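Read in the working numbering, the sequence shown has 1246 at position 749, and its numbers run on one by one without any break. The C-beta atom is built at its ideal place from N, Cα and C for all residues, glycine as well. Note that the coordinates shown come from a computational prediction; the quantities given were computed from them, not determined experimentally. Comments concern the structure below.
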Amino acid sequence: MNDLLGKPIDRVDGKLKVSGGATYSAEYFPKNMVYGVLVLSTITKGRIRNIDTGQAERVKGVVGIMTYKNAMSLHFPQGTDPGSGKYAEKGLLPLQNDRIYYDGQVIAVVLAETFEKAEYAAKLVKVDYETETPVFDLNANISKSYIPTSGGSQLQAKRGDADAALQNAEVKMEQTYTTPVYHHNAMEPHASVAEWNEDSLMVYDATQAVGGVRSLLSTLFDLSPEKVKVTSLFIGGGFGSKGFTWPNPIVTAMAAKMVKRPVKLVLSRQQMFTTAGRRSETIQKIELASDRSGKLTAIKHDTISESSFVDEFVETAGLATSMLYSCPNVEISHRLVRLNKVTPCPTRAPGEATGTYAIETAMDELAYQLKMDPIQLRLLNYAEMDEQRQKQFSAKNLKECYQRGAAAIGWSQRNPEPGSMREGNYIVGYGMATATYLANRVASAAKVTLYADGHAEVLSATQDIGTGTYTVMTQIAAEALALPVDRVTVKIGRSDYPTGANSGGSQVTASVGPPIRAAALAVISKLIGLAVSDTASPLHGRKEEDIIADNGRIYEKGHTDKGESYAELLKRKGLQKLEAQAKTRVSTRDPQGANPAPTGGMDAAVEEESKTNPAVQEDQDVDRKPYSFHSFGAQFVKVLVDPDLGMVKVDKAVAVMDIGKVLNLKTAKSQIMGGMIFAIGMALLEGTAYDPNNGRVVTRDLAQYLVPVNADMPQFDIQFIDKPDPYISPIGAKGIGEIGITGMTAAVVNAIYHATGKRVRQLPVTLDKLI
Ligand code: MOS
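Spelled out as structure tokens, the structure:
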């Protein structure tokens, strides 16, 4: 083996990306293509009384305008779930009727020979609305909140009696923390190109789930899934926004059918703020009780977040709280308020990002109340097991994260007294918090082909949303194939490859790595089988288990010279290629640890082949029922606060992450750093503003919606425990895309309190809240 896992190799797609050779979804130009531009509603609730497209239609170069009046009717069997959870009712699909449920709803698509003409004509579409009074203020409508119908029983979790424990508590605290709406703001906007060929549909779409888009489109257009191909080779960030299928690929395909030409449709940056999801606003009440020593006796975490009238989404802020600390009495609740806004959706660590902000700020408040070191408070209440599910953790090395993080930031030099530390004109603050995210793994399949020239190709219908999937999957395949990385090509981002994981929930590495490994091992095993049974091979007659594969060669153990290269063997046998497919059906998402993945369908052949793959079987045979799968980490920050201006600069940020085996130190650090930067945005800068008169988004661009820039960056120190999780998979790696944002927001807020003595419970902590 190559010992490739863990190596900080450069991104295999790096050159393509910096040279412009990587083709993103908006960069396809099918022959005879027209450009689509969306017209969006400018009211928040009501109906279209009249839509006048006459003037727009007369613009030279306009080839069609699609509104609810002429749009095709979409096929949607009642009660079926298209996979993404969206569009629960047919009437809520785009352009099916005259109803308006939110600001920025798609009401027309203008199609023209050039983008400029389409955009010009779109401005000439005149809409006469009948306006109704919208509901858009979460705070003002708490009385209308309801228990979510989706998300399962864990959203209303309870153990012991938290209310009784709070009543009898020696020490208690109760505070409410709020987080605003955040937008994902991926660099690449949502983009689709759709082309029909008779009754087959080809869609290039910026998506985190080629399989999800295929499944929804095949339902809506009443096609068998084989008739729909979705491609997403390169993606300029998703962060959850591209996890659901928004109206854009649907109307692009509808329009292409209507004008009988390929259509390209790209959302503008402004449209991204109303039409492609967002992180829900939250109101989180936390109650903590402890004895005088700091041992927790009760935790209550009640979350109210937003949903829409179009669908339901729950920001699961309380989920992590149920297992984060050892405590006999815990109560978690989630309620939703339907608002006239586009449906919220996953946003980097959906639930944990907002939830750890609240619980980890509350823990800091309790530590101050107890006059106790915040790390000590966490160690005193360390959860040795998942007490909510009554299961052991598959792996947890969080104590080491606290210790190493504290050392790296210089915690021992911290004077706990708020405002007591200075550096020049600045007040210094140190803060820390616990990070955690689910260690998700779902069913996935892959195909590996070794060609006669000695290079290999890997196929799986998963995506690289910018996280490094191409690179890490190349490493996993190359390691198992015993080939150098430059002789392995990973091909992903096409729905006609074997089903891979959606790029959500930090699950791709843990889900797609094992079937790639299993298929690669099967190829090598076939190769060895060929050699030992071939009289012309120097390995003829040897025992298969004595054969080693290394650097594109197989040889007999202890006799490096006795062997041959893969290419020599395949050529002699007259074989163009050797291939194997594998599907692993492991899911850590299912609380029972069962394998709920559906069988059959397009993966039937892969499943059949997997039954005789020992690597698949060994992996699936691991008893995962006794384990709770999570990643952990500790975040530490040092902030500098200008006491006159209230300006906060994060000066240093330390993360020590326990995410199982690190597969690529370079991309792993980059993922954690990206999450931490997101958290700096959450804590200090970001937040979508709505017009209080009509509920429309005000901050519709990156001039008004502030994201962190280079000048905001601290010095980063990112470390890993790097111990394989023995139960997640034979590779031992857990996902890493989301945990970096968790804990970090609280660490910044806690550091600001240490610096200023001001506890800000309404994010973001803008300077007006500090002076
Ligand atoms: Mo992630 S927010 O689950 O795409």
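How far does the alpha helix (DSSP H) with HIS1251 in it reach, from first residue to last? 1241 to 1253
Would you kindly report the start and end of the unbroken beta strand (DSSP E) that includes LEU935? 923 to 935
Name the residue from VAL727, THR931, PHE731, VAL811 whose alpha carbon lies nearest to the alpha carbon of THR742. VAL727
Does the Cβ of THR467 lie closer than 8 Å to at least one heavy atom of the ligand MOS? Residue numbering for the chain in the displayed model covers 498 to 1268; residue 467 lies beyond these limits and cannot be assessed.
Whole-Å CB distance - ALA605 paired with THR550, under 8 Å assumed: 7 Å
Under the rule that 16 or more other beta-carbon atoms within 10 Å means buried, what is THR996, buried or exposed? buried
Would you mind listing the beta strand (DSSP E) stretches within the stretch 1000 to 1061 that are 3+ residues and don't spill past its ends, in chain order? 1044 to 1047, 1050 to 1053
Just the Cα atoms here: how many angstroms apart are ASN694 and ALA753? 10 Å
First and last residue of the beta strand (DSSP E) that includes TYR674? 668 to 676
Just how far apart, CA to CA, sit LEU874 and GLN960? 41 Å
Straight-line gap, PHE810 to GLU803 (C-alpha atoms, nearest Å): 8 Å
What did DSSP end up calling TYR532 once you bin it into helix, strand or coil? strand
Taking 8 Å as the line, does the beta carbon of PRO841 fall inside it for any heavy atom of the ligand MOS? no
If I'm right that LEU608 touches ILE562 with Cβ under 8 Å, what's the distance once you round it to whole angstroms? 7 Å
What do you reckon, is the C-beta of CYS846 under 8 Å from a heavy atom of the ligand MOS? This sequence places Ala at residue 846; Cys is not what is there. ALA846: yes, Cβ under 8 Å from the ligand MOS.
Kindly identify the DSSP beta-bridge partner or partners of HIS798. ILE783, ILE829
Once you ignore the five residues that flank LYS623 on each side, which residues in its own chain have a CB closer than 6 Å to its CB? ASP549
For GLN1201, three-class secondary structure by DSSP: coil
Suppose you measure from the CA of ASN745 to the CA of ASN1190; what does that come to, to the nearest Å? 28 Å
Between GLY965 and the ligand MOS, is there a pair consisting of the residue's CB and a ligand heavy atom that are separated by less than 8 Å? no
Any non-hydrogen atom of the ligand MOS within 8 Å of GLN705 CB: yes
Pull up the distance between the alpha-carbon of SER787 and that of LYS1266, whole angstroms please. 30 Å
Measuring straight from C-alpha to C-alpha, what distance separates SER819 and GLU723? 42 Å
I'd like the ranges of any beta strand (DSSP E) spanning at least 3 consecutive residues and lying wholly in the stretch 1116 to 1192. 1127 to 1138, 1145 to 1155
With DSSP as the reference, label PHE1217 as helix, strand or coil. strand
Closer than 8 Å is the cut-off here; do at least three beta carbon pairs connect the stretch 703 to 721 with the stretch 880 to 890? no
Any idea what DSSP makes of ASN547, helix, strand or coil? strand
Can you tell me whether LEU895 is buried or exposed, with buried defined as 16 or more other CB within 10 angstroms of its CB? buried
Just checking PHE1126 against the ligand MOS - is the residue's beta carbon closer than 8 Å to any of the ligand's heavy atoms? no
CA-to-CA distance, GLY649 to ALA936, given in whole angstroms: 18 Å
Ranges of the beta strand (DSSP E) found wholly within the stretch 739 to 785, counting only runs of at least 3: 760 to 763
N-terminal and C-terminal residue of the alpha helix (DSSP H) that GLN972 is part of: 966 to 978
Kindly confirm or deny that the stretch 715 to 722 and the stretch 790 to 807 touch, where touching means at least three C-beta pairs closer than 8 Å. no
Between LEU816, LEU501, LYS1135, SER642, which lies nearest to SER1125 when the distance is taken from Cα to Cα? LEU816
Count the other C-beta atoms from every protein chain shown that fall within 10 angstroms of the C-beta of SER516, then say buried if there are 16 or more, exposed otherwise. exposed
Going by C-alpha to C-alpha distance, which of ILE1215, GLY1130, LEU663 sits closest to TYR879? GLY1130
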